[in-house]
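*Asks:*
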Amino acid sequence: MADPFGFLKYPRKDNAYRPVAERIKDFQEIEVPLAADERQKQAARCMNCGIPFCHSGNFFGGKRAVSGCPNDNLIPEWNDYLYRGNVKEAFKRLARTNPLPEMTGRVCPAPCEASCTEGLNDTGITICDNEYYIIEEAFKNGWVKESGQPKERTGFKIAVVGSGPAGLAAAWRLNQLGHSVTVFEKADRFGGLLMYGIPNMKLDKTVLERRIDVMKEVGIEFVHSTVIGTDISKAELVYQFDRVLLAIGAGVPRDLAIRGRELGNIELAVDYLTKATKQVLSGAAATNGLAGKHVVVIGGGDTGNDCIATAVRLGAESIRQLEILPQPPKARLTDNPWPEYPQIQKRGYGQEEARFLSPANDTLYETTATKFIGKTQVEALEIMKTQNFQPVAGTEEVIPADLILLAMGFTGAEQAIFDDFQITETYDNYQTNNNFVYVAGDARRGPSLVIWAIREGRKAAEAIHQALMVHQEN
Ligand SMILES: Cc1cc2nc3c(=O)[nH]c(=O)nc-3n(C[C@H](O)[C@H](O)[C@H](O)COP(=O)(O)OP(=O)(O)OC[C@H]3O[C@@H](n4cnc5c(N)ncnc54)[C@H](O)[C@@H]3O)c2cc1C
Ligand code: SF4
Numbered sequence: 264m265a266d267p268f269g270f271l272k273y274p275r276k277d278n279a280y281r282p283v284a285e286r287i288k289d290f291q292e293i294e295v296p297l298a299a300d301e302r303q304k305q306a307a308r309c310m311n312c313g314i315p316f317c318h319s320g321n322f323f324g325g326k327r328a329v330s331g332c333p334n335d336n337l338i339p340e341w342n343d344y345l346y347r348g349n350v351k352e353a354f355k356r357l358a359r360t361n362p363l364p365e366m367t368g369r370v371c372p373a374p375c376e377a378s379c380t381e382g383l384n385d386t387g388i389t390i391c392d393n394e395y396y397i398i399e400e401a402f403k404n405g406w407v408k409e410s411g412q413p414k415e416r417t418g419f420k421i422a423v424v425g426s427g428p429a430g431l432a433a434a435w436r437l438n439q440l441g442h443s444v445t446v447f448e449k450a451d452r453f454g455g456l457l458m459y460g461i462p463n464m465k466l467d468k469t470v471l472e473r474r475i476d477v478m479k480e481v482g483i484e485f486v487h488s489t490v491i492g493t494d495i496s497k498a499e500l501v502y503q504f505d506r507v508l509l510a511i512g513a514g515v516p517r518d519l520a521i522r523g524r525e526l527g528n529i530e531l532a533v534d535y536l537t538k539a540t541k542q543v544l545s546g547a548a549a550t551n552g553l554a555g556k557h558v559v560v561i562g563g564g565d566t567g568n569d570c571i572a573t574a575v576r577l578g579a580e581s582i583r584q585l586e587i588l589p590q591p592p593k594a595r596l597t598d599n600p601w602p603e604y605p606q607i608q609k610r611g612y613g614q615e616e617a618r619f620l621s622p623a624n625d626t627l628y629e630t631t632a633t634k635f636i637g638k639t640q641v642e643a644l645e646i647m648k649t650q651n652f653q654p655v656a657g658t659e660e661v662i663p664a665d666l667i668l669l670a671m672g673f674t675g676a677e678q679a680i681f682d683d684f685q686i687t688e689t690y691d692n693y694q695t696n697n698n699f700v701y702v703a704g705d706a707r708r709g710p711s712l713v714i715w716a717i718r719e720g721r722k723a724a725e726a727i728h729q730a731l732m733v734h735q736e737n
């Protein structure tokens, strides 16, 4: 496997980000890949460690965050091929488990790297960036289309509802297995949160369109602007298809029911990010739409960070972020050892950009919003410090706020379609109490990560295939 001494010869080198001063002027991708020879050296650092924790996702010590790849990617194998210069074979290994590596190579938080054995005493391997390189080479060389072709058609027809990573991964795998797949999407473009959620700076939308084009070329049908349950009924789907997979995400947002919620300019994060992406896709240049405006982002996670990066590009006067949790430590605590996922401070790309513009653009930890203030539009926000998630009396402060973005996560999937199909239970094997219907992705496991959605889509596809083929044999 790779070079057993590679990790001693070559220091870790990540893909760079474009300089902050340059990248905040546009919505283009911020990541800059390494050259091929440098990437090969990074693959050489994979050290034949014997027990690679990286290639299976585990909740070590019962902790909340997974460590290791949730999708069981064959990481040491493709690192070895990459190191030896056989990128096509590296791609074949990668494609065995991951139908959408160009997405994870860009946006995965890489829990694999957290559990890398080399990371026990050093910095770990650049697994995510290696994945990015391999899939980009695969697209350049036409290997992706080749890998998606079915050997023969089974004659079964499957409807996939929702075109996020779970729906796309499932459609890809079902088609590979020979089934005829139609993907239905209620939005005007395909991709779910990959399209309207994650901003263009992290995932250029041409990357998504490139995948959809290949999926169409290998025989998958796509229908957009169509709500299943409204535009097409349950009865029609049952009539037309042999199985239905619901990959509808967990799009019900968590709201903040405090005084003044009815005021204008208080927006849900995903609505705001969707508008920004639509503007980028319309070809409009970055505008100064937020010039002179004070923006407050409520929620300290990745979505909040994407909101900050977007507000930076729209020229906001100030951007503050509220996080109800305490600030994480700078380094692992003793109760959070390797190979657990490190619960430590990380400054996201948006936070870095906002701080570059002004040190006042910071994240306020253990802080919550208690009142929106204004006449018709929000003008200010009352905030309070918290202890154990409760506001502490006497800590009230009022900060200016012309736009408030609620980035507090999601509560789960919309129920209507589940009710329509009379689904009352979903099982670990992606089946439901309705034998005809399967569920995968955030719709099944709750708000999560792209790689979990991909895993669920792939596994659900295989479960559907198995059920149909057994049914056919009987
Ligand atoms: C702003 C933001 C940033 C994120 N950044 C990251 C990141 O950097 N890295 C990461 O790993 N994860 C990230 N995530 C999480 C990740 O995007 C999700 O976990 C993942 O997209 C879930 O995939 P999914 O396919 O299950 O659902 P979704 O991506 O939500 O897709 C579901 C799709 O189903 C469609 N749909 C719903 N109902 C119907 C219906 N009745 N008929 C037809 N279509 C329907 C929806 O329109 C949607 O397109 C982020 C999430 C957000 C909100
Ligand atoms: S998908 Fe994520 S966790 Fe899995 S190998 Fe790639 S970067 Fe690592």
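Per the numbering used here, the sequence shown runs over residues 264 to 737.
Even for Gly, the Cβ is constructed at its ideal location relative to N, Cα and C.
1) Is Ile686 closer than 8 Å to Arg506 when the C-beta atoms are compared?
2) Is it right to say Ala373 is buried, meaning 16 or more other beta carbons lie within 10 angstroms of its own, or is it exposed?
3) If you pair each beta-carbon of the segment 375-382 with each one of the segment 324-337, do three or more pairs fall below 8 Å?
4) So Val407 is in the alpha helix (DSSP H); what residue range does that whole segment cover?
5) Examine chain B for any beta-carbon lying closer than 8 Å to the beta-carbon of Leu519, and answer yes or no.
6) Hey, would you say Ile571 sits closer than 8 Å to Ala617, going by beta carbons?
7) Go to Leu500, then tell me how far its alpha helix (DSSP H) extends in each direction, as first and last residue.
8) Just to confirm, does Ala373 get its C-beta within under 7 Å of one of the non-hydrogen atoms of ligand 2?
9) With a threshold of 7 Å, establish whether the CB of Ser751 neighbours any heavy atom of ligand 1.
10) Cutting at 6 Å between CB atoms, please list the residues of its own chain near Glu586, excluding the five before and the five after it.
11) Quick one: what does DSSP say Met647 is sitting in, helix, strand or coil?
12) Where do the N-terminal and C-terminal ends of the beta strand (DSSP E) with Tyr628 fall, by residue?
13) Count the other CB atoms within 10 Å of the CB of Ala299; is the residue buried (16 or more) or exposed (fewer)?
14) Let me make sure I understand the geometry here. Which of Pro592, Leu553 and Arg524 has the alpha-carbon closest to that of Glu645?
15) Run through DSSP, which three-state label would Leu668 get?
16) DSSP three-state call for Leu531: helix, strand or coil?
17) With a cut-off of 8 Å on the beta carbons, I'd call Val444 and Ala434 a contact; round off their distance for me.
18) When you compare each of Ile287, Pro462 and Asp683 to Thr493 by their alpha carbons, which one comes out closest?
19) Check whether the Cβ atoms of Arg302 and Asn393 lie closer than 8 Å to each other.
20) Below 8 Å, how does it come out for the segment 653-665 and the segment 627-641: are there three or more Cβ pairs, yes or no?
21) Where do the N-terminal and C-terminal ends of the alpha helix (DSSP H) with Thr566 fall, by residue?
22) In whole angstroms, what separates the C-alpha of Leu544 from that of Gly454?
23) What ranges does the beta strand (DSSP E) occupy inside the segment 469-498, keeping only unbroken runs of at least 3 residues that lie completely in it?
24) Assuming the contact rule is C-beta atoms closer than 8 Å, Arg576 and Ile287 should be a hit. Round their C-beta distance to whole Å, please.
25) Measure the CB-CB distance between Leu509 and Val702 and report whether it falls below 8 Å.
26) Between Thr573, Phe652 and Lys593, which has its C-alpha nearest Gln614's C-alpha?
27) Output needed for Lys479: all residues of its chain with C-beta closer than 8 Å, excluding positions within five of it in sequence on either side, in chain order.
28) Under a three-way DSSP split, which group does Ala279 fall into?
29) To which residues does DSSP link Gln653 through a beta bridge?
30) Beta carbon of Glu394: closer than 7 Å to some heavy atom of ligand 4?
31) Nearest-angstrom Cα distance between Pro738 and Leu297?
32) Please determine whether the Cβ atom of Asn753 lies at a distance below 7 Å from any heavy atom of ligand 2.
33) May I ask whether a heavy atom of ligand 1 can be found less than 7 Å away from the beta carbon of Ala498?
34) Apply the 10 Å Cβ neighbour rule to Ser488 and answer buried if 16 or more other Cβ atoms are within range, or exposed otherwise.
35) Report yes if the C-beta distance between Thr360 and Asn342 is below 8 Å; otherwise report no.
36) Determine which residues share a DSSP beta bridge with Lys304 and list them.
*Replies:* Looking at the coordinates:
1) For this step, residue 506 is matched to residue 243 along the sequence shown. For this step, residue 686 is matched to residue 423 along the sequence shown. No. Outside cutoff.
2) Reading the sequence shown from its first residue, position 110 is the one you call residue 373. Buried, because 16 or more other Cβ atoms sit within 10 Å of the Cβ of Ala373.
3) yes
4) Locating residue 407 in the sequence shown gives position 144, where the first residue counts as 1. Run containing Val407: Trp406 to Gly411, per the alpha helix (DSSP H) assignment.
5) Given the protein chain composition of this structure (a single chain), no chain B is represented.
6) Along the sequence shown, read from residue 1 onward, the residue named residue 571 stands at position 308. Along the sequence shown, read from residue 1 onward, the residue named residue 617 stands at position 354. Result yes, Cβ atoms of Ile571 and Ala617 sit closer than 8 Å.
7) Here residue 500 refers to the residue found at position 237 of the sequence shown. Looking at the DSSP string, the run of the alpha helix (DSSP H) that includes Leu500 is Lys497 to Gln503.
8) Here residue 373 is taken as the residue at index 110 of the sequence shown, counted from 1. Flag set: Cβ of Ala373 near ligand 2.
9) What is shown of the chain runs 264 to 737, which leaves residue 751 out entirely.
10) Within the sequence shown, numbered from 1, the residue matching residue 586 stands at position 323. Hits under 6 Å: Gly563, Thr626 and Tyr628.
11) Here residue 647 is taken as the residue at index 384 of the sequence shown, counted from 1. Reduced to three states, the DSSP call for Met647 is strand.
12) Taking the sequence shown and counting its residues from 1, one reaches residue 628 at position 365. Thr626 to Tyr628 is the extent of the beta strand (DSSP E) around Tyr628.
13) To locate residue 299, count along the sequence shown from 1; it is residue 36. Exposed, because fewer than 16 other Cβ atoms sit within 10 Å of the Cβ of Ala299.
14) Working through the sequence shown from its first residue, we reach residue 645 at position 382. Comparing Cα positions, the closest option is Arg524.
15) Within the sequence shown, residue 668 is the residue found at index 405, counting from 1. Here Leu668 sits in strand by DSSP.
16) Here residue 531 refers to the residue found at position 268 when the sequence shown is read from its first residue. DSSP places Leu531 in strand when its eight states are reduced to three.
17) For this step, residue 444 is matched to residue 181 along the sequence shown. For this step, residue 434 is matched to residue 171 along the sequence shown. Rounded, the Cβ-Cβ distance is 5 Å, consistent with contact.
18) Reading the sequence shown from its first residue, position 230 is the one you call residue 493. When only C-alpha atoms are compared, the closest one is Asp683.
19) If you number the sequence shown from 1, residue 302 lands on position 39. If you number the sequence shown from 1, residue 393 lands on position 130. Yes, the pair counts as a contact, with Cβ atoms nearer than the cut-off.
20) yes
21) By 1-based counting over the sequence shown, the position of residue 566 is 303. Residues Asp565 to Arg576.
22) Walking along the sequence shown from the start, residue 544 turns up at place 281. Walking along the sequence shown from the start, residue 454 turns up at place 191. C-alpha separation (whole angstroms): 14 Å.
23) 484-486
24) Translated into the one-based positions of the sequence shown, residue 576 becomes position 313. Translated into the one-based positions of the sequence shown, residue 287 becomes position 24. About 6 Å; that satisfies the 8 Å criterion.
25) Position 246 of the sequence shown holds residue 509. Position 439 of the sequence shown holds residue 702. Contact flag set, yes.
26) Taking the sequence shown and counting its residues from 1, one reaches residue 614 at position 351. With distances taken between Cα atoms, Gln614 lies closest to Thr573.
27) Taking the sequence shown and counting its residues from 1, the one referred to as residue 479 is at position 216. Within the same chain, Lys479 has close Cβ partners Phe485.
28) Along the sequence shown, one-based indexing puts residue 279 at 16. Here Ala279 sits in strand by DSSP.
29) As a first step, residue 653 is located in the sequence shown; it is residue number 390 there, counting from the start. According to DSSP, which records beta bridges pairwise, Gln653 is partnered with Gln650.
30) You won't find ligand 4 in this model; what it holds is ligand 1 and ligand 2.
31) Because the chain is modelled from 264 through 737, residue 738 falls outside the range shown and cannot be assessed.
32) Nothing can be reported for residue 753, as the shown portion of the chain is limited to 264 through 737.
33) Position 235 of the sequence shown, counting from 1, holds the residue named residue 498. Ala498 Cβ: outside cutoff for every heavy atom of ligand 1.
34) Position 225 of the sequence shown holds residue 488. Exposed: under 16 other Cβ atoms inside 10 Å.
35) Here the question's residue 360 lines up with position 97 in the sequence shown. Here the question's residue 342 lines up with position 79 in the sequence shown. Cβ atoms of Thr360 and Asn342: not closer than 8 Å.
36) Taking the sequence shown and counting its residues from 1, the one referred to as residue 304 is at position 41. Answer is none; Lys304 lacks a bridge partner.
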